[in-house]
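**Student:**
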Amino acid sequence: MGMGSDMYRQQILDHYKNPRNHGELEDPTFTHTGENPTCGDTIQVDVRLEDDGDTIEYVAFSGDGCAISQAAASLLTEELPGKTLEELQAMDRDDMIDMLGVDISPMRIKCAVLAEKVAQDGAKIHTGEIEIETTKTE
Amino acid sequence: MGMGSDMYRQQILDHYKNPRNHGELEDPTFTHTGENPTCGDTIQVDVRLEDDGDTIEYVAFSGDGCAISQAAASLLTEELPGKTLEELQAMDRDDMIDMLGVDISPMRIKCAVLAEKVAQDGAKIHTGEIEIETTKTE
Amino acid sequence: MGVQESEPLDVERIREDFPILERRVGGDVESPGEGDGDDTPLIYLDNAATSQTPDQVVDVIADYYRSYNSNVHRGIHSLSQEASVAYEQAHDRVADFVNADGREEVVFTKNTTEAENLVAYAWGLAELGPGDEVVLTEMEHHASLVTWQQIGKRTGADVKYVRVDDEGRLDVDHARELITDDTEMVSVVHVSNTLGTINPVEEIADVAHDHGAYVFVDGAQSVPNRPVDVKAMDADFLAFSGHKMCGPTGIGVLYGKREILEEMQPYLYGGDMIRKVTFEDATWEELPWKFEAGTPNIAQGIALAAACDYLDDLGMDRVETHENQLAAYAYDRLTEHDDVTVYGPPGDERGGLVAFNVDGVHAHDLSSILNDSGIAIRAGDHCTQPLHDKLGTAASARASFYVYNTREEVDALVEAVDEARQLFA
Amino acid sequence: MGVQESEPLDVERIREDFPILERRVGGDVESPGEGDGDDTPLIYLDNAATSQTPDQVVDVIADYYRSYNSNVHRGIHSLSQEASVAYEQAHDRVADFVNADGREEVVFTKNTTEAENLVAYAWGLAELGPGDEVVLTEMEHHASLVTWQQIGKRTGADVKYVRVDDEGRLDVDHARELITDDTEMVSVVHVSNTLGTINPVEEIADVAHDHGAYVFVDGAQSVPNRPVDVKAMDADFLAFSGHKMCGPTGIGVLYGKREILEEMQPYLYGGDMIRKVTFEDATWEELPWKFEAGTPNIAQGIALAAACDYLDDLGMDRVETHENQLAAYAYDRLTEHDDVTVYGPPGDERGGLVAFNVDGVHAHDLSSILNDSGIAIRAGDHCTQPLHDKLGTAASARASFYVYNTREEVDALVEAVDEARQLFA
Ligand SMILES: Cc1ncc(COP(=O)(O)O)c(C=O)c1O
Ligand SMILES: Cc1ncc(COP(=O)(O)O)c(C=O)c1O
Chain A
0 MGMGSDMYRQ QILDHYKNPR NHGELEDPTF THTGENPTCG DTIQVDVRLE DDGDTIEYVA
60 FSGDGCAISQ AAASLLTEEL PGKTLEELQA MDRDDMIDML GVDISPMRIK CAVLAEKVAQ
120 DGAKIHTGEI EIETTKTE
Chain B
0 MGMGSDMYRQ QILDHYKNPR NHGELEDPTF THTGENPTCG DTIQVDVRLE DDGDTIEYVA
60 FSGDGCAISQ AAASLLTEEL PGKTLEELQA MDRDDMIDML GVDISPMRIK CAVLAEKVAQ
120 DGAKIHTGEI EIETTKTE
Chain C
0 MGVQESEPLD VERIREDFPI LERRVGGDVE SPGEGDGDDT PLIYLDNAAT SQTPDQVVDV
60 IADYYRSYNS NVHRGIHSLS QEASVAYEQA HDRVADFVNA DGREEVVFTK NTTEAENLVA
120 YAWGLAELGP GDEVVLTEME HHASLVTWQQ IGKRTGADVK YVRVDDEGRL DVDHARELIT
180 DDTEMVSVVH VSNTLGTINP VEEIADVAHD HGAYVFVDGA QSVPNRPVDV KAMDADFLAF
240 SGHKMCGPTG IGVLYGKREI LEEMQPYLYG GDMIRKVTFE DATWEELPWK FEAGTPNIAQ
300 GIALAAACDY LDDLGMDRVE THENQLAAYA YDRLTEHDDV TVYGPPGDER GGLVAFNVDG
360 VHAHDLSSIL NDSGIAIRAG DHCTQPLHDK LGTAASARAS FYVYNTREEV DALVEAVDEA
420 RQLFA
Chain D
0 MGVQESEPLD VERIREDFPI LERRVGGDVE SPGEGDGDDT PLIYLDNAAT SQTPDQVVDV
60 IADYYRSYNS NVHRGIHSLS QEASVAYEQA HDRVADFVNA DGREEVVFTK NTTEAENLVA
120 YAWGLAELGP GDEVVLTEME HHASLVTWQQ IGKRTGADVK YVRVDDEGRL DVDHARELIT
180 DDTEMVSVVH VSNTLGTINP VEEIADVAHD HGAYVFVDGA QSVPNRPVDV KAMDADFLAF
240 SGHKMCGPTG IGVLYGKREI LEEMQPYLYG GDMIRKVTFE DATWEELPWK FEAGTPNIAQ
300 GIALAAACDY LDDLGMDRVE THENQLAAYA YDRLTEHDDV TVYGPPGDER GGLVAFNVDG
360 VHAHDLSSIL NDSGIAIRAG DHCTQPLHDK LGTAASARAS FYVYNTREEV DALVEAVDEA
420 RQLFA
């Protein structure tokens with residue numbers, strides 16, 4: 000196959016090198032962190048909700064890790080605004096893979112879904128559904 | 000191969016069914032016991048030495064177990080008289096197999112050599128070379 | 000049950016899957032494989048010790064090494080992905096075989112023995128203490144008997160044994176007496192490898208659970224031979240071995256209820272079972288990997304899944320019927336002579352094995368003589384020494400049957416026993 | 000040494016023994032073996048994780064199942080005799096491979112990890128207590144690091160770590176400081192699986208013995224790759240894994256000095272490791288069987304002996320030279336660029352592996368991208384998390400070489416790394 004990789008098409012490299020909405024929000028409605036211990040990936044997701052307390056207004060992320068995990072987080076910050084918390088919870092790993100636009104090999108799925116899982120767990124903590132410290136993907 | 004078995008030629012069956020010198024001596028010079036834990040074989044060997052304290056005069060055995068172990072013991076009681084203790088110690092497993100007159104399969108060697116080992120250890124205890132309670136073959 | 004209705008096993012066809020059954024034996028034993036002097040067709044009746052391995056499973060092993068051998072879990076490259084997916088799916092396959100809830104409940108071990116020790120070390124050492132009781136049966140295999148006995152000595156817990164009655168059945172009333180609120184663990188063999196008894200493990204599990212105790216079912220002689228359902232039994236733990244169920248050596252299984260395994264601390268420490276390690280401390284992986292330290296028996300796990308496929312294709316209810324019939328037939332034929340003692344319960348309901356003795360013929364001699372007729376049986380204490388003591392014998396001969404055995408082979412066994420009897424008369 | 004004089008390995012001929020090296024990769028990973036989309040020739044550089052298995056060894060495994068598969072030790076019939084003799088002789092063969100004094104000193108385990116745990120459980124739990132110290136190195140694999148750390152917590156013994164210096168070498172002066180009369184055990188990795196460092200185990204053993212401590216040498220990365228002599232090292236224990244030395248998965252080895260193993264209490268309980276069992280107590284078998292409970296990994300043990308034959312036929316000194324040269328070449332080529340960090344000591348003396356990172360490219364991404372060129376390397380912490388913390392990185396990429404690897408494969412690696420660098424630039 001030589002140069003280049005299916006899994007590293009332009010979009011992913013672009014989002015990795017130029018992450019969108021990178022940093023921390025000053026007044027997030029909720030914040031949550033997570034990690035993918037095998038890769039050492041870490042992600043923090045900050046979410047601000049609109050006044051209805053349900054519609055996502057703005058999302059930012061920070062963290063460290065492989066291109067897949069960081070690009071996925073970057074893509075997610077663009078995807079989420081406008082969605083309700085219910086719509087966020089309804090997302091699954093296929094949605095994330097669609098967003099990335101490439102096939103993700105089985106060993107890298109956990110990198111791809113980390114940010115999504117962190118956002119979902121953060122929302123669940125916010126609404127009182129669960130109580131956990133950090134999110135982990137395996 | 001059908002009826003009969005190489006390992007169970009007439010001589011072995013004869014010695015098993017009609018053990019020679021079976022029982023205990025009234026005035027043994029030394030007595031020793033041993034076992035072969037995997038088969039559950041047990042052998043006691045009683046030895047009387049001549050007045051020179053070195054030549055074997057008479058040997059008897061008692062015990063329980065498989066045909067190989069019991070026939071070997073019986074054969075040994077016939078073989079040993081007249082030998083010196085040194086000659087006894089010089090015997091090895093091939094001598095025992097020769098005496099039995101058949102090939103012994105690897106898993107049954109320990110049955111075949113039990114009596115010989117018991118006699119040798121008994122003599123060594125008698126001459127103060129070793130100190131053990133019972134002999135075991137594996 | 001529907002067992003009677005189902006078609007019998009097509010033994011002729013099955014035998015073709017097992018090239019070893021074409022072996023001739025009797026020659027030079029120093030070099031493995033067929034030797035010069037080998038002239039007697041093999042009749043393999045030592046299946047309770049180890050079953051034979053069909054080509055379908057051997058091919059899976061060879062294919063693993065020839066096309067995707069690799070270390071698992073952490074590897075990103077293709078071979079490692081292929082090996083990881085196959086190894087992890089093997090857990091699902093085995094879970095399915097005993098109706099467990101997925102891979103989290105299936106830990107691959109070396110054998111049944113290690114599965115028993117895993118629980119004894121990881122749970123027993125931590126939870127047992129003076130005043131606690133572990134209840135075993137008199138017919139336990141050394142794998143559970145010695146393990147719990149020694150863990151009992153180390154923790155101060157008492158070990159008690161449920162009686163076996165004169166017919167070789169478990170005395171369930173005695174079990175009800177012994178199992179009390181002090182009981183923390185009941186370890187019971189599902190099918191006795193010596194008596195062939197099929198124990199009422201569901202009933203024992205009920206009694207144990209009524210007293211808050213766990214039940215460990217030793218399935219080494221049941222999982223290979225009959226449909227086993229952990230939910231129906233309500234077993235907290237179940238152990239079995241690959242090499243007794245058409246699988247390879249070097250692999251066993253510990254099934255455990257998820258919530259119990261989750262509470263348990265790890266057993267072996269090392270790679271693949273950790274999450275985070277510092278010089279000071281460590282945290283643990285998810286189930287089942289928490290209990291699989293180091294590079295696992297990858298090829299063997301994948302091959303065990305293939306063995307499950309093989310057996311399910313035959314149909315475990317039909318396997319059960321087949322063995323039952325052979326064992327009942329062997330029981331009847333062997334007891335035609337008064338000088339033969341067959342151990343264990345009479346009648347149709349027994350596992351596919353018969354252990355017996357012939358008056359005046361030591362079991363080891365019997366096995367040697369039968370071997371000259373190509374017949375492979377086991378002779379010894381079958382790792383149930385205390386039970387043999389109780390039966391009043393140091394050793395017994397045991398014929399055990401599997402999917403490829405026939406009535407004609409049982410006839411050959413009986414005939415060879417007759418010859419041995421005459422030889423020793 | 001004569002190493003330089005000896006003929007190099009005939010790699011072309013060797014590659015023919017490994018059909019997996021003909022694999023093409025890159026396709027569908029859901030189903031193992033060659034898939035539809037596989038179009039790139041495999042370059043396998045993940046040998047420190049698991050080596051490939053030559054036909055000679057796979058054939059021994061298949062032959063076992065097809066012609067003499069049987070349970071061992073207690074069986075009288077021909078198959079059991081053949082399997083028993085082969086299995087027991089396999090211990091002698093492996094003993095010979097590391098210059099041990101016969102089968103009594105060789106215990107078959109599941110892997111290196113279990114060998115380390117065996118000693119930690121059987122010796123450590125019994126002998127260690129508050130005030131005692133266990134000395135490890137900062138470059139230990141989790142197999143020893145986590146094991147002794149946790150046994151330390153359970154017994155109250157302190158665990159200390161010998162420093163690794165900035166070049167990735169063991170600080171022997173620090174070892175001399177840490178090892179005192181309170182030290183009971185020193186566990187040291189012979190060749191680091193991350194740094195490639197070859198540790199002076201003879202010297203460490205001397206220091207340990209001067210203070211009455213035992214030395215456990217983790218030989219997982221040395222026994223497969225260079226001549227190892229337990230007597231020359233004066234190791235009290237040595238552990239290694241079959242799957243890293245042309246052997247199968249599911250088998251490892253614990254070497255132990257006979258007099259030490261004899262003093263040690265058993266580890267796993269069950270069949271084959273006992274001598275006499277009653278309902279009340281049990282006594283133990285001779286070495287090495289005392290430490291091998293239950294039906295052992297028979298096929299795997301026999302296959303490991305075949306792997307020793309295979310490697311000795313190649314000549315372990317030549318294996319060492321070959322790996323050394325490839326590693327040195329890889330080191331030189333990779334460090335041509337300033338943005339590559341190769342971990343571990345520079346120069347010629349290193350085990351056959353290089354772990355490295357490229358600035359701005361996560362090791363996992365690098366491994367994924369290399370995989371598209373058919374190149375299998377490992378990316379992660381290589382089960383040395385604390386060492387990686389010290390190196391200041393969560394993960395590294397690791398290429399590791401074996402007898403069938405070539406300079407051309409190293410060139411392909413370097414080229415693919417260049418491409419990844421450009422992609423991420
Ligand atoms: C240095 C070292 N020690 C121990 C191990 C553990 O070996 P295994 O996973 O076969 O138990 C490895 C391999 O991963 C290793 O490289
Ligand atoms: C009832 C029973 N339990 C446990 C075992 C031990 O199995 P393994 O030797 O495979 O650990 C066996 C087989 O020997 C058995 O028959």
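Top to bottom, those sequences are chains A, B, C and D.
Under numbering that gives the first Met the number 0, the first residue of the first sequence is numbered 0, with each subsequent residue one higher.
Under numbering that gives the first Met the number 0, the first residue of the second sequence is numbered 0, with each subsequent residue one higher.
Under numbering that gives the first Met the number 0, the first residue of the third sequence is numbered 0, with each subsequent residue one higher.
Under numbering that gives the first Met the number 0, the first residue of the fourth sequence is numbered 0, with each subsequent residue one higher.
Note that CB positions come from ideal geometry on N, CA and C, so glycine has one too.
At least one CB of chain D closer than 8 Å to the CB of residue 105 of chain B: is that the case?
**Tutor:** In the second sequence, counting from the first residue as 1, residue 105 of chain B sits at position 106. Interface residue, yes.
**Student:** Below 8 Å, can you find three or more Cβ-Cβ pairs linking the segment 317–332 of chain D to the segment 251–258 of chain D?
**Tutor:** No: fewer than three Cβ pairs fall under 8 Å.
**Student:** What I want to know is whether the C-beta of residue 149 of chain C ends up closer than 7 Å to one or more non-hydrogen atoms of ligand 4.
**Tutor:** Ligand 4 is absent from the structure shown, which contains only ligand 1 and ligand 2.
**Student:** In the structure shown, what three-state DSSP assignment does residue 394 of chain D receive?
**Tutor:** In the fourth sequence, residue 394 of chain D corresponds to position 395, counting from 1. It is coil, neither helix nor strand.
**Student:** Listed from N- to C-terminal order along the chain, which residues in the segment 121–135 of chain B have their beta-carbon within a distance smaller than 7 Å of any beta-carbon of chain D?
**Tutor:** Within the segment 121–135 of chain B, no residue has a Cβ that lies closer than 7 Å to any Cβ of chain D.
**Student:** Run the CB neighbour count on residue 265 of chain D, radius 10 Å, all protein chains shown included, and call it buried at 16 or more, exposed below.
**Tutor:** Residue numbering aside, residue 265 of chain D sits at position 266 when the fourth sequence is read from its first letter. Buried, because 16 or more other Cβ atoms sit within 10 Å of the Cβ of residue 265 of chain D.
**Student:** Measuring only the C-alpha atoms, how far is residue 425 of chain C from residue 382 of chain C?
**Tutor:** What is shown of chain C runs 0 to 424, which leaves residue 425 of chain C out entirely.
**Student:** On the DSSP bridge list, what partners appear for residue 160 of chain D?
**Tutor:** Your numbering for residue 160 of chain D matches position 161 in the fourth sequence. According to DSSP, residue 160 of chain D bridges with D:135.
**Student:** Suppose the cutoff is 7 Å on Cβ atoms and the five residues either side in sequence are ignored; what does the same chain contact list for residue 59 of chain C look like?
**Tutor:** Taking the first residue of the third sequence as position 1, residue 59 of chain C is located at position 60. Closer than 7 Å at Cβ, skipping near neighbours: 301, 302, 305.
**Student:** Taking only runs that begin and end inside the segment 239–284 of chain C, name each unbroken alpha helix (DSSP H) of 4 or more residues, in chain order.
**Tutor:** Fully enclosed alpha helix (DSSP H) runs of 4 or longer: 257–262.
**Student:** Can you tell me whether DSSP reads residue 68 of chain D as helix, strand or coil?
**Tutor:** In the fourth sequence, residue 68 of chain D corresponds to position 69, counting from 1. Three-state result, residue 68 of chain D: coil.
**Student:** For residue 60 of chain B, report the span of its beta strand (DSSP E) as first-last.
**Tutor:** For this step, residue 60 of chain B is matched to residue 61 along the second sequence. That run of the beta strand (DSSP E) goes 55–63.
**Student:** Between residue 99 of chain A and residue 71 of chain A, how many whole angstroms is the CB-CB distance? I'm expecting something under 8 Å.
**Tutor:** One-based indexing of the first sequence puts residue 99 of chain A at position 100. One-based indexing of the first sequence puts residue 71 of chain A at position 72. Right, the Cβ-Cβ distance comes to about 6 Å (below 8 Å), so this counts as a contact.
**Student:** Report the start-end ranges of each beta strand (DSSP E) in the segment 367–421 of chain C that is 3 residues or longer and not cut off at the edges.
**Tutor:** Listed in chain order, they are 377–379, 395–399.
**Student:** Answer with yes or no whether the minimum CB distance from residue 13 of chain B to chain C is below 8 Å.
**Tutor:** By one-based count along the second sequence, residue 13 of chain B stands at place 14. So, not an interface residue.
**Student:** Restricting to Cα atoms, I'd like to know which of D:38, D:416, D:24 is closest to residue 77 of chain C.
**Tutor:** Along the third sequence, one-based indexing puts residue 77 of chain C at 78. Out of D:38, D:416, D:24, D:24 has the C-alpha closest to the C-alpha of residue 77 of chain C.
**Student:** By how many angstroms is the C-alpha of residue 88 of chain B removed from the C-alpha of residue 77 of chain B?
**Tutor:** Here residue 77 of chain B refers to the residue found at position 78 when the second sequence is read from its first residue. Here residue 88 of chain B refers to the residue found at position 89 when the second sequence is read from its first residue. Each residue's alpha carbon lies about 16 Å from the other.
**Student:** With residue 31 of chain B as the anchor, note down where its beta strand (DSSP E) starts and where it stops.
**Tutor:** The count along the second sequence starts at 1 and reaches residue 31 of chain B at position 32. Taken as a continuous stretch (DSSP letters only), the beta strand (DSSP E) holding residue 31 of chain B covers 29–35.
**Student:** Just by C-beta distance, which residues in the segment 349–364 of chain D are closer than 7 Å to chain A?
**Tutor:** Result list: 361, 363, 364.
**Student:** So residue 376 of chain D contacts chain A; which residues on that side make the cut at Cβ distance below 8 Å?
**Tutor:** Taking the fourth sequence and counting its residues from 1, the one referred to as residue 376 of chain D is at position 377. In chain order: nothing, as chain A lies at least about 13 Å away.
**Student:** Contact defined as beta carbons within less than 8 Å: I believe residue 84 of chain A pairs with residue 136 of chain A. What is the distance between those atoms, to the nearest angstrom?
**Tutor:** Here residue 84 of chain A refers to the residue found at position 85 when the first sequence is read from its first residue. Here residue 136 of chain A refers to the residue found at position 137 when the first sequence is read from its first residue. At roughly 20 Å, the Cβ-Cβ gap does not stay under 8 Å, so residue 84 of chain A and residue 136 of chain A are not in contact.
**Student:** I think residue 242 of chain D touches residue 294 of chain C, with their Cβ atoms under 8 Å apart; what is that distance to the nearest whole Å?
**Tutor:** Translated into the one-based positions of the fourth sequence, residue 242 of chain D becomes position 243. Translated into the one-based positions of the third sequence, residue 294 of chain C becomes position 295. About 6 Å separates the two Cβ atoms, so the contact holds.
**Student:** For residue 21 of chain B, name the three-state secondary structure that DSSP assigns.
**Tutor:** Taking the second sequence and counting its residues from 1, the one referred to as residue 21 of chain B is at position 22. If DSSP states are grouped into helix, strand and coil, residue 21 of chain B belongs with the strands.
**Student:** Can we say the segment 100–118 of chain D touches the segment 82–91 of chain C, given the rule of at least three CB pairs closer than 8 Å?
**Tutor:** As far as the Cβ criterion goes, the segment 100–118 of chain D does not touch the segment 82–91 of chain C, which means the pair count is below three.
**Student:** Does residue 391 of chain C come within less than 8 Å of chain B when only Cβ atoms are used?
**Tutor:** As a first step, residue 391 of chain C is located in the third sequence; it is residue number 392 there, counting from the start. With 8 Å as the cut-off, residue 391 of chain C does not count as an interface residue toward chain B.
**Student:** Tell me whether residue 220 of chain D, by its Cβ, gets closer than 7 Å to a heavy atom of ligand 1.
**Tutor:** Residue mapping note: residue 220 of chain D aligns to position 221 of the fourth sequence, counting from 1. Yes, the Cβ of residue 220 of chain D comes within 7 Å of a heavy atom of ligand 1.
**Student:** At the 8 Å Cβ level, is residue 7 of chain B part of the contact set with chain D, yes or no?
**Tutor:** Here residue 7 of chain B refers to the residue found at position 8 when the second sequence is read from its first residue. Taking Cβ atoms only, chain D never reaches closer than 8 Å to residue 7 of chain B, which makes this a no.
**Student:** Roughly how many whole angstroms lie between the Cα atoms of residue 68 of chain B and residue 40 of chain B?
**Tutor:** The count along the second sequence starts at 1 and reaches residue 68 of chain B at position 69. The count along the second sequence starts at 1 and reaches residue 40 of chain B at position 41. In a straight line, the C-alpha of residue 68 of chain B is about 7 Å away from that of residue 40 of chain B.
**Student:** Apart from the five residues just before and just after residue 0 of chain C, which ones in its own chain have a Cβ nearer than 8 Å to its Cβ?
**Tutor:** Sequence index remark: in the third sequence, residue 0 of chain C carries index 1 (1-based). Model confidence at residue 0 of chain C stands at a pLDDT of 39, short of 50, so the residue's coordinates are unreliable and nothing is read from them.
**Student:** If I'm right that residue 122 of chain A touches residue 42 of chain A with Cβ under 8 Å, what's the distance once you round it to whole angstroms?
**Tutor:** Here residue 122 of chain A corresponds to residue number 123 of the first sequence, with the count starting at 1. Here residue 42 of chain A corresponds to residue number 43 of the first sequence, with the count starting at 1. The Cβ separation is near 15 Å, so there is no contact.
**Student:** Quick one: list the residues of chain D neighbouring residue 37 of chain B, beta-carbon separation under 7 Å, in chain order.
**Tutor:** One-based indexing of the second sequence puts residue 37 of chain B at position 38. In chain order: 73.
**Student:** Tell me whether the beta-carbon of residue 373 of chain C lies closer than 8 Å to the beta-carbon of residue 42 of chain C.
**Tutor:** The residue you call residue 373 of chain C lines up with position 374 of the third sequence. The residue you call residue 42 of chain C lines up with position 43 of the third sequence. Yes, these two residues count as a Cβ contact at 8 Å.
**Student:** Quick one: list the residues of chain D neighbouring residue 33 of chain A, beta-carbon separation under 8 Å, in chain order.
**Tutor:** Looking up residue 33 of chain A in the first sequence gives position 34. In chain order: nothing, as chain D lies at least about 15 Å away.
**Student:** Please tell me whether, using a cut-off of 7 Å, the distance from the CB of residue 108 of chain D to the nearest non-hydrogen atom of ligand 2 is below it.
**Tutor:** Sequence index remark: in the fourth sequence, residue 108 of chain D carries index 109 (1-based). Not so, every heavy atom of ligand 2 lies at least 7 Å from the Cβ.
**Student:** For residue 16 of chain C, which residues from the same chain have a beta carbon less than 6 Å from its beta carbon, with the 5 sequence-adjacent residues on both sides left out?
**Tutor:** As a first step, residue 16 of chain C must be located in the third sequence, where it is residue number 17. Closer than 6 Å at the Cβ level, and outside the excluded window around residue 16 of chain C, lie 53, 54.
**Student:** Which residues in chain A sit within 9 Å of residue 367 of chain D, going by Cβ to Cβ distance?
**Tutor:** Taking the first residue of the fourth sequence as position 1, residue 367 of chain D is located at position 368. Ordered by position in chain A, the residues that pass the 9 Å Cβ test against residue 367 of chain D are 4, 6, 7, 65, 66, 67, 104, 106, 107.
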